[in-house]
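> I am attaching a structure below and will ask some questions about it afterwards.
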Amino acid sequence: MGGLVRNPSLTLGGLLVGALVLASLFAPVLSAASPLAQDLHHPFGGLSARHPFGTDAFGRDIAARVLYGARYSLLEAGACIGMACTAGTLLGLAAGARGGWFDQAVMWAMDILFAFPGIVLALLALALLGPGLVNMLLAITLFSIPVYARLARNLAMSLGGALYVEAAVAIGASPARVMFAHILPNAAGPIIVQCAASAGSVILTAASLSFLGLGVAPPAPEWGAMMSDGRNYIGAYLAPTLFPGLAMTLAVLGFNLLGEGLRQLLDPFGPIRTRS
Amino acid sequence: MNGYILRKLLAFPAVLLAVSLLTFLAVRMLPGDPARLIAGPEASAEAVAAVHARLGLDQPVGAQYLAFLAHAAEGDLGTSIESRRPVVDELASHLPYTLALGLAAYGLAVGLGVPGGILAAAAPGKPWDRAFSAATILALSLPSFWVGLMAMELFAVRLRWLPLMGAGSASHIVLPALALSLAPMGLIGRMTRAAMIEILRQNYIRTARAKGLEPFAIYVRHALPAASTPIVTIVGLNLGAVIAGTVVTESVFSWPGVGRLLVDAVKYRDYPVIQAVTLVAVVSVVLANLAAEMAIAFLDPRMRRG
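Structure representation (structure tokens):
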């Protein structure tokens, strides 16, 4: 229990993210209602034992929709960060290891991508690819790459001078072996911290794009899409907007706290890196 | 003017060119024929071809890009497909709203985030620091559009203190500015606090403490001047967060700014508008970073000699 007091961010963040994972896994068990079943005779039902969060404009159970929505959030965070972290880390490690013109070219390209405010680049990519879940994930991945590339490149540069790397080179390890067996494991800490820290902003951006009608399409129980629908009834019915937003705040807060807690654990004096 | 800043200034046109080329190529790759969009669905093949020739779309892409640059240099960014007005006019009528909203929100974010972070760093782990850290991480976690909608429900519908949406009077700006300021406020507050704590860990601060200087004097005379550099960087770097935020906030509050212009342009595939708004957004971010770097060169004596 000592860890709980010493690192409350990690504990609380872990609990919130754990709850998100459990909600995604056990949504069908936790809610008897279907997230898509309409009941047009009972729109905007109040809070009851049968519908704990009430029903929306189509009489769908809001609680079930919020629960199933956890799956979209996890998918968005997992897919985008998985792809962006892999691509960015490989690019950055290669740039840091090879140096020279390759390093210059990669970092210049990353600077250009970095100059685009995140959602503007995502909008440009969505204009190109058309709206939809997969295209949205690709668009968010694209603007998330530079953070990882810069981070991995700087780590490769600073670890490249370490004695154990020099020793590995001296005994004849191949560049690839030095990279993946010696540098990457030691660079993993800060990269993992960055993954947790950017999960929250990925979920926020994805929900924003869905809210704008460019991401996940409405009948799907995605939180941003639910709020996009709910906004039409603001002033009359609050529940369709209130509950998905609350769930989303808790999910994003969970990832932000987890990132903060991991940073304290793995890299206590490191700077805060964020991407808007 | 030192070499570093000079290099950055010289790099600016190159960045501008690269960004314009990127957006230009991106919109050229848009599915569908823009000439077909302009001519309308019922237009004959000849009419579409005529639009092609008028817009120069029958030229090679390289020639099109050079023509685009030449026109842009003369202040002509093309014509909106949706409104059929010159894109420059569209920008001119939307930009003041975004500037007003962005400045109000950024002022709020900087005004609360920077002093809050400085105060929190003075006593890490104490109640004020804990409250501030909790508030900033919450500010970063709240979806701005949801906060906007909840604020509408509370302040406009229930309490009737403020107008619901649109941009008729000065009071219209309050709710969108509040919603938009949250994320940058959280970022700026956290980064300021971290920068300040980093400075207080330095040896010269320890020396000042060891020689028995008042904590207040250490803070104001030794730590704060050193903090000016990271704080200016933080303020300059986070402008992008505000610009990104306007896209969603303006759509929530029907605020007639550039962000909403962009969202509508993406929906209608209004490529000249997408191109122009993207350029404006990127140029403002690059300029803000450049301004921050120049301010740092001025503030930091180590950078002056360069």
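Taken in sequence, the protein lines are chains A and B. Take the first sequence: its position 123, counting from 1, is numbered 123 in the numbering used here, and each next residue is one higher. Each number in the numbering used here comes from the position in the second sequence (counting from 1) with 1000 added on. For every residue, glycine included, the Cβ atom is placed at its ideal position computed from N, Cα and C.
(1) Provide the residue span of the alpha helix (DSSP H) that contains MET83 (chain A), from first to last.
(2) Spell out a yes or no on whether the region 1271–1290 of chain B and the region 1200–1209 of chain B are touching, meaning 3 or more CB-CB pairs, one atom from each, closer than 8 Å.
(3) Select from A:TYR72, A:LEU40, A:LEU67, A:ILE112 the residue whose C-alpha is nearest the C-alpha of ALA206 (chain A).
(4) Below 8 Å on the Cβ atoms is my contact criterion, and I expect ILE140 (chain A) with VAL66 (chain A) to pass it. Report the Cβ-Cβ distance as a whole number of Å.
(5) Where does PRO1086 (chain B) fall in DSSP's three states?
(6) Ignore the nearest five residues each way along the sequence and tell me which others in GLY1116 (chain B)'s own chain have a CB closer than 7 Å to its CB.
(7) Would ALA149 (chain A) and GLY92 (chain A) be called neighbours here (beta carbons separated by less than 7 Å)?
(8) Assign GLU1153 (chain B) to buried or exposed, taking buried as 16 or more other Cβ atoms, counted over all protein chains shown, within 10 Å of its Cβ.
(9) How many whole angstroms separate the CB atoms of PRO117 (chain A) and ALA1244 (chain B), which I take to be in contact at a CB cut-off of 8 Å?
(10) Within its chain, find whatever has a CB closer than 6 Å to the CB of TYR237 (chain A); leave out the 5 residues flanking it on each side and keep chain order.
(11) Is the Cβ-Cβ distance between VAL106 (chain A) and LEU258 (chain A) less than 7 Å?
(12) Can you list, in chain order, the residues of its chain whose CB lies under 8 Å from that of LEU47 (chain A), leaving out five sequence neighbours each side?
(13) Please identify, using Cβ separations under 9 Å, the residues of the region 217–245 of chain A that lie next to chain B, in order along the chain.
(14) Would you say MET107 (chain A) reaches chain B, if we count a Cβ-Cβ gap shorter than 7 Å as a contact?
(15) Chain B partners of ILE112 (chain A), CB-CB under 9 Å?
(16) Taking 8 Å as the cut-off, does the region 1179–1199 of chain B touch the region 1208–1218 of chain B (at least 3 CB pairs, one atom from each stretch)?
(17) Starting from PHE1253 (chain B) and walking both ways along the alpha helix (DSSP H), at which residues does that stretch end?
(18) Taking only the alpha-carbon atoms, compute the straight-line gap between PHE1158 (chain B) and GLY235 (chain A) and give it to the nearest angstrom.
(19) Could you give the DSSP three-state label for ARG273 (chain A): helix, strand or coil?
(20) Going residue by residue through the region 124–156 of chain A, where are the continuous alpha helix (DSSP H) segments of at least 4 residues, counting only ones entirely within it?
(21) Kindly list, in the order they appear in chain B, the residues whose Cβ is closer than 8 Å to that of ASN154 (chain A).
(22) Among residues of its own chain, excluding the 5 on either side of CYS195 (chain A), which ones have a beta-carbon nearer than 6 Å to its beta-carbon?
(23) Here's a check: name, in chain order, each residue in its chain whose Cβ is nearer than 6 Å to the Cβ of ASP1165 (chain B), leaving out the five neighbours to either side.
(24) If you scan the region 1048–1081 of chain B from start to end, which runs of the alpha helix (DSSP H) of 4 or more residues do you find wholly inside it?
(25) Check whether the Cβ atoms of ALA1039 (chain B) and ALA1047 (chain B) lie closer than 7 Å to each other.
(26) With DSSP as the reference, label GLY1306 (chain B) as helix, strand or coil.
(27) Taking all protein chains shown into account, do 16 or more other C-beta atoms lie within 10 angstroms of the C-beta of MET1196 (chain B), making it buried, or fewer, making it exposed?
(28) Report all residues from its chain with a CB closer than 7 Å to the CB of THR89 (chain A); omit the five preceding and five following residues, and keep chain order.
(29) Residue ranges of each alpha helix (DSSP H) run of no fewer than 4 residues wholly in the region 167–215 of chain A, ordered along the chain?
(30) Short check: CB of GLY1236 (chain B) to CB of ALA1281 (chain B), under 7 Å?
(31) Determine the direct distance from the alpha carbon of SER144 (chain A) to that of LEU266 (chain A), and round the result to whole angstroms.
(32) Does the region 29–43 of chain A come within contact of the region 177–188 of chain A, defined as at least 3 CB pairs closer than 8 Å?
(33) Determine contact between the region 1121–1141 of chain B and the region 240–257 of chain A, defined as no fewer than three beta-carbon pairs at a distance below 8 Å.
(34) Could you tell me the alpha carbon to alpha carbon distance between GLN326 (chain A) and ARG98 (chain A), rounded to whole angstroms?
(35) Can you pull the chain A neighbours of ARG1206 (chain B), defined as C-beta to C-beta under 8 Å?
(36) If you count every other CB in all the chains shown that lies within 10 Å of the CB of ARG1160 (chain B), and 16 or more means buried, which is it?
Quick look at the numbers:
(1) Position 83 of the first sequence, counted from the start, is the residue given in the question as residue 83 (chain A). 62–98 is the span of the alpha helix (DSSP H), which, as asked, contains MET83 (chain A).
(2) no
(3) Taking the first residue of the first sequence as 1, we reach residue 206 (chain A) at position 206. Closest option to ALA206 (chain A), Cα to Cα, is A:TYR72.
(4) Here the question's residue 140 (chain A) lines up with position 140 in the first sequence. Here the question's residue 66 (chain A) lines up with position 66 in the first sequence. Wrong, their Cβ atoms sit about 22 Å apart, outside the cutoff.
(5) Here the question's residue 1086 (chain B) lines up with position 86 in the second sequence. Correct three-state label for PRO1086 (chain B): strand.
(6) Reading the second sequence from its first residue, position 116 is the one you call residue 1116 (chain B). Here the set comprises PHE1132, GLY1189.
(7) Against the first sequence, residue 149 (chain A) aligns to sequence position 149. Against the first sequence, residue 92 (chain A) aligns to sequence position 92. For ALA149 (chain A) and GLY92 (chain A), yes; Cβs fall inside 7 Å.
(8) The sequence position of residue 1153 (chain B) within the second sequence is 153, counting from 1. Counting Cβ neighbours within 10 Å, GLU1153 (chain B) comes out buried, since at least 16 surround it.
(9) Residue 117 (chain A) sits at position 117 when you count from the first residue of the first sequence. Residue 1244 (chain B) sits at position 244 when you count from the first residue of the second sequence. Confirmed, Cβ separation roughly 4 Å.
(10) Your numbering for residue 237 (chain A) matches position 237 in the first sequence. Only PHE44 meet the Cβ criterion.
(11) Along the first sequence, one-based indexing puts residue 106 (chain A) at 106. Along the first sequence, one-based indexing puts residue 258 (chain A) at 258. Not closer than 7 Å, so no.
(12) Locating residue 47 (chain A) in the first sequence gives position 47, counting from the first residue. These residues qualify, in order along the chain: PHE53, GLY54, ALA239.
(13) TRP223, GLY224, MET227, SER228, GLY230, ARG231, ILE234, GLY235, ALA236, LEU238, THR241, LEU242, PRO244, GLY245
(14) Position 107 of the first sequence, counted from the start, is the residue given in the question as residue 107 (chain A). No, its Cβ sits nowhere closer than 7 Å to a Cβ of chain B.
(15) For the purposes of this step, residue 112 (chain A) is taken as residue 112 along the first sequence, with counting starting at 1. Going along chain B in sequence order, the residues near ILE112 (chain A) (Cβ under 9 Å) are VAL1015, ALA1018, VAL1019, LEU1022, VAL1282.
(16) no
(17) For this step, residue 1253 (chain B) is matched to residue 253 along the second sequence. Unbroken run through PHE1253 (chain B): none, as it is neither H nor E.
(18) As a working mapping, residue 1158 (chain B) is identified with position 158 in the second sequence. As a working mapping, residue 235 (chain A) is identified with position 235 in the first sequence. Correcting the residue identity first, residue 1158 (chain B) is Arg in this sequence and not Phe. Taking the straight line from one Cα to the other gives about 8 Å.
(19) Translated into the one-based positions of the first sequence, residue 273 (chain A) becomes position 273. Low per-residue confidence applies at ARG273 (chain A): pLDDT is 45, beneath 50, and the placement is therefore not dependable, though the value from the model is reported in the following sentence. Note: ARG273 (chain A) maps to coil in three-state DSSP.
(20) none
(21) In the first sequence, counting from the first residue as 1, residue 154 (chain A) sits at position 154. Result: empty, since nearest Cβ-Cβ is about 17 Å, beyond 8 Å.
(22) The count along the first sequence starts at 1 and reaches residue 195 (chain A) at position 195. Contacts found: ILE81, CYS85.
(23) Your numbering for residue 1165 (chain B) matches position 165 in the second sequence. Position check: residue 1165 (chain B) holds Met in this sequence, whereas Asp was assumed. Result list for MET1165 (chain B): PHE1253, SER1254, in chain order.
(24) 1061–1073
(25) Position 39 of the second sequence, counting from 1, holds the residue named residue 1039 (chain B). Position 47 of the second sequence, counting from 1, holds the residue named residue 1047 (chain B). A contact, by the Cβ cut-off of 7 Å.
(26) What you label residue 1306 (chain B) is simply residue 306 of the second sequence in a count that begins at 1. Confidence is the limiting factor: at GLY1306 (chain B) the pLDDT is only 44, short of 50, which leaves the residue's position unreliable and the question unanswerable from this model.
(27) Here residue 1196 (chain B) refers to the residue found at position 196 when the second sequence is read from its first residue. Looking at its Cβ environment, which holds 16 or more other Cβ atoms inside 10 Å, MET1196 (chain B) is buried.
(28) Mapped onto the first sequence, residue 89 (chain A) falls at position 89. TYR148, ALA152, ILE191, listed in sequence order.
(29) 184–211
(30) Residue 1236 (chain B) sits at position 236 when you count from the first residue of the second sequence. Residue 1281 (chain B) sits at position 281 when you count from the first residue of the second sequence. Cβ distance not < 7 Å, so GLY1236 (chain B) and ALA1281 (chain B) don't count as in contact.
(31) Your numbering for residue 266 (chain A) matches position 266 in the first sequence. Your numbering for residue 144 (chain A) matches position 144 in the first sequence. Cα-Cα distance, rounded: 22 Å.
(32) no
(33) yes
(34) Outside the displayed span of chain A (1 to 276) sits residue 326 (chain A), for which this structure offers no information.
(35) Residue 1206 (chain B) sits at position 206 when you count from the first residue of the second sequence. Here the premise fails: no neighbours, minimum Cβ distance about 16 Å.
(36) Counting from 1 along the second sequence, the entry for residue 1160 (chain B) is found at position 160. The residue in question, ARG1160 (chain B), is exposed, as its Cβ has fewer than 16 Cβ neighbours within 10 Å.
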